[in-house]
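Take 12 as the starting number for the sequence shown in the numbering used here and just add one per residue. Down below is the structure, laid out as structure tokens.
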Amino acid sequence: MPRRRDSPPPQPAHPPTVTRRVLRLLAAQHPDAGTELTFRNAYELLTATILSAQCTDERVNQVTPSLFERYPTPAALAKATPEEIEPQIRPTGFFRTKSRSLVGMARTLVGHHGGEVPADLDALVRLPGVGRKTANVVLGHALGVPGLPVDRHVLRVANRLGIARSADPVVVERQLGAALPKPRWTLASDTLILHGRRICKPRPLCDRCGARKMCLYFADGGGTAPARGAGRSRRPTSSRKTAVP
Ligand code: SF4
12 MPRRRDSPPP QPAHPPTVTR RVLRLLAAQH PDAGTELTFR NAYELLTATI LSAQCTDERV
72 NQVTPSLFER YPTPAALAKA TPEEIEPQIR PTGFFRTKSR SLVGMARTLV GHHGGEVPAD
132 LDALVRLPGV GRKTANVVLG HALGVPGLPV DRHVLRVANR LGIARSADPV VVERQLGAAL
192 PKPRWTLASD TLILHGRRIC KPRPLCDRCG ARKMCLYFAD GGGTAPARGA GRSRRPTSSR
252 KTAVP
């Protein structure tokens, strides 16, 4: 239902102090959090992140070494045609769309940014194939600019925990960003993504979760803690929850 124009924007259930504590606990549980894409510079990470849409990082890492050998710079990639690239990136899926995005991205970098990847969110999201999530990945991991990528894992985990409240990634990015110091944005995103992949899956493994004592979903009986004798997961029932995947 649309929000009334005069109603206040939704707020996370937890205050920033709890959000920071939750992230510290999850960071301790996942000390290896970080992007799993292999890259040597911003151009390579941008390319790899575009390829990672609807594809595993592992598969992208199998494809990119030969791609980067053949097209080591935006200038080299800009001279290619999508048809030339398609066979090389085919294993990542959606290869026709991705090949057009890659060539368009490279040509825009050459034509408008001197062949460099801009360290600016607004400029990045204007590149073909680059959305806000991809832009934040590149900013945070390759350009030294705080970025807080919100993917489906961050969306699900943050809402369950109560450290965000919205099904809109931009709103969740804003809520988490307001609660966390900028230097911690990228690691926070990496940590939530890893927690979503390993523990807080669509069917969560709450008995293994380091933050369950502060989790709304768990408190409302949505988890699988043996102590509750549930042994099963349920959909959120509380009105405090926001429906996310
Ligand atoms: S307690 Fe369960 S639902 Fe809550 S964050 Fe942990 S795994 Fe996810």
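All C-beta atoms in this analysis are idealised placements derived from N, C-alpha and C, irrespective of residue type, glycine included.
DSSP-derived helix/strand/coil call for residue i
| i | result |
| --- | --- |
| I204 | helix |
| F105 | coil |
| Q22 | coil |
| A53 | helix |
| Y82 | coil |
| T30 | helix |
| P215 | coil |
| S63 | coil |
| G158 | coil |
| P257 | A question about residue 257 goes unanswered here, because the residues of the chain that appear run from 12 up to 256. |
| S177 | coil |
| A44 | coil |
| G233 | coil |
| Q39 | Looking at the sequence shown, residue 39 is not Gln but Ala. In the structure shown, A39 sits in a helix (DSSP, three-state: H, G or I). |
| I100 | helix |
| E127 | coil |
| A222 | coil |
| V121 | helix |
Top-ranked residue by Cα proximity to residue i, from the options
| i | options | result |
| --- | --- | --- |
| L37 | G234, C226, P83 and G122 | C226 |
| G173 | F229, H123 and G142 | F229 |
| G126 | P83, V136, R107 and R214 | P83 |
| G122 | R137, D218 and P160 | R137 |
| R185 | S18, P19 and P23 | P23 |
| P180 | G221, K193, E95 and N147 | N147 |
| L28 | D218, A91 and P192 | Note that residue 28 corresponds to Thr in the displayed sequence, not to Leu. The shortest C-alpha separation from T28 is found at P192. |
| E80 | L150, F50 and R163 | F50 |
| L166 | D231, Q99 and L205 | L205 |
| L48 | T67, P42, T30 and R32 | T67 |
| R32 | R195, V161 and I100 | R195 |
| G4 | D231, G232 and S63 | This structure cannot settle anything about residue 4, because the visible part of the chain is limited to 12 through 256. |
| T197 | S112, I100, D162 and P26 | D162 |
| A89 | Q99, K212, R101 and S112 | S112 |
Whole-Å CB distance - residue i paired with residue j, under 8 Å assumed
| i | j | result |
| --- | --- | --- |
| S110 | P93 | 4 Å |
| Q65 | F106 | At roughly 11 Å, the Cβ-Cβ gap does not stay under 8 Å, so Q65 and F106 are not in contact. |
| G207 | H152 | Not really, about 18 Å apart at Cβ, beyond 8 Å. |
| E55 | T75 | 7 Å |
| C217 | R223 | 5 Å |
Distance cut-off 6 Å: residue i Cβ against heavy atoms of the ligand COA
| i | result |
| --- | --- |
| I204 | As far as ligands go, the structure on display features the ligand SF4 and does not contain the ligand COA. |
Residue i and residue j closer than 7 Å at C-beta
| i | j | result |
| --- | --- | --- |
| V114 | L57 | no |
| A169 | V183 | yes |
| A59 | P85 | no |
| I61 | G140 | yes |
| L34 | A189 | no |
| V149 | A87 | no |
| Q40 | G221 | yes |
| T108 | R70 | no |
| A278 | V156 | Lying before the first or after the last residue shown, residue 278 is absent from the chain, which here runs from 12 to 256. |
| R176 | P21 | yes |
Classification of residue i by the beta-carbon crowding that lies within 10 angstroms, buried from 16 upward
| i | result |
| --- | --- |
| D201 | buried |
| K144 | buried |
| P215 | buried |
| S18 | exposed |
| R171 | buried |
| P42 | exposed |
| P160 | buried |
Neighbour flag for residue i against chain C, beta carbons, 7 Å
| i | result |
| --- | --- |
| P102 | The chain inventory of the structure shown lacks chain C, comprising one protein chain alone. |
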